Amino acid sequence: MKYHIRKTAEGTFSIYDPIYKVGCHLLCGNQRALLIDTAFGGELKEAVRRCTDLPLIVANTHVHGDHSKGNELFDQPIYVGAGDLPDADRLSAYQSLIREGTRVLRERYRFPQSLLACVNRRYVVDPTKNTYLPLPEEIDLGNRRIDLYPMPGHTEGSVIFVDEQTATAFSGDAIAPTTWLFTDPATRIRRYAEQVESFAGSVGIQRIFPSHSRAVLPFSFVGDFAKTLRDLADLPSVHIPLRWDYGTVRIATDRRSSICPIRVFYFDFQLNQ
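Everything in the sequence shown is counted per the numbering used here, starting at 5 for the first residue and increasing by one.
Structural data, given as structure tokens:
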């Protein structure tokens, strides 16, 4: 698995998997470096070491397989948001969703079994392979401080990393053009909207790197995303229902965004207070 490495600022690198379209970010200080997410692993450690030989802190924006499968390549512990610390019930619900989703794809849409087996293998997380600790409020890299903003929504423990030095936020899947909310039954859209609205009021941030795109989004995108969530909470009837065997899923598209369309997938019960 070859990664594409791109320097996005001084001491800052985007490490992107072009096959599975997921990115990690490496932030270097003068004493240590922070790796945000580990994708599916593969040759990620070699890619990181092409950028720096500093001692490494490894953290996940959230503990979905496409952001954390590479954790086992690195020295432990791995830091995650408190709401994503491996919990048997939470992981069981998520893994049940993945398995049921692949069953629907196989039976209804005739997806090849080999492809679906790959999905199950890559996205189902084994919590015993790593040691996890909760993220602190900030991470000190020496001459560079990274602030952490909890953003429950995509998962209960999703976290956004903010680097004042480069005026950049690394949002994982918490703020992105396409966000899947039904991977965490705890999500409620109104609460999520409030969290994003609060973050939209942050000062000093100019750009956002989501995980599943190489595009850099202007910080104004956060306001568009918050408006999308608020519309879902207040005007759910205007959105188009898509039904599958696991339950009712809706997709909302905010066509008012001047930057790009925003799509949010969710279960109906997530509209409840």
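Where a beta carbon is used, it is the ideal one built from N, C-alpha and C, also for glycine. All values derive from a computational prediction rather than experimental measurement.
- Ranked by how close their Cα comes to the Cα of A173, the residues M155, F186 and D188 have M155 in first place.
- In terms of Cα proximity to E198, the closest of F273, V207 and K231 is K231.
- Within a 10 Å sphere around the beta-carbon of S202 sit fewer than 16 other beta-carbons, which makes this residue exposed.
- With distances taken between CA atoms, F223 lies nearest to A204 out of E76, R234, F269 and A204.
- For P138, the closest alpha carbon among the candidates W184, Y196, V220 and T65 is that of T65.
- Here L31 really is in contact with R148; their C-beta atoms are around 7 Å apart, less than 8 Å.
- Given a length threshold of 4 residues, each whole run of the alpha helix (DSSP H) inside the region 44-97 is given here in chain order: 48-55 and 69-72.
- Looking at the DSSP output, R211 sits in a beta bridge with T172 and P222.
- One alpha carbon belongs to N34, the other to V62, and they sit about 16 Å apart.
- By the Cβ neighbour-count rule, L239 is exposed, with fewer than 16 other Cβ atoms within 10 Å of its own.
- The beta carbons of H216 and A171 sit no closer together than 8 Å.
- The beta carbon of V220 is closer than 8 Å to those of T12, R211, I212 and F213 in its chain, skipping five residues each way along the sequence.
- Counting the other Cβ atoms within 10 Å of the Cβ of Q117 gives fewer than 16, which makes it exposed.
- Contact annotation, R36 with P59: C-beta distance approximately 5 Å; criterion of less than 8 Å satisfied.
- As far as DSSP is concerned, L145 takes part in no beta bridge.
- Per DSSP, the continuous beta strand (DSSP E) segment holding Y20 begins and ends at T16 to D21.
- Membership of R10 in the beta strand (DSSP E) is indicated by the continuous run H8 to A13.
- Contact between Y270 and I193 is confirmed by a C-beta separation of about 6 Å, below the 8 Å threshold.
- Spatial neighbours of T56 in its own chain (CB-CB distance under 6 Å, excluding positions within 5 residues in sequence) are listed in chain order as C32 and A37.
- Burial check for A86: the Cβ neighbour count within 10 Å stays below 16, so the residue is exposed.
- In the three-state scheme derived from DSSP, where H, G and I count as helix and E and B as strand, Y136 is classed as strand.
- Across the structure, A256 and I19 are spaced so that their CA atoms are roughly 30 Å apart.
- Excluding its 5 nearest sequence neighbours in each direction, E141 has C-beta neighbours in its own chain below 8 Å: D151 and L152, listed in chain order.
- For F165, the uninterrupted beta strand (DSSP E) segment begins and ends at V163 to D167.
- Ranked by Cα distance from V268, the first of R218, S206, T191 and R53 is T191.
- R10 counts as exposed, since fewer than 16 other beta carbons sit within 10 angstroms of its beta carbon.
- Here E160 has G87, D88, D188 and A190 as same chain residues with Cβ atoms under 7 Å from its own Cβ, once five neighbours each way along the sequence are excluded.
- In the DSSP annotation of this structure, the continuous segment of the alpha helix (DSSP H) that includes R195 starts and ends at I193 to A204.
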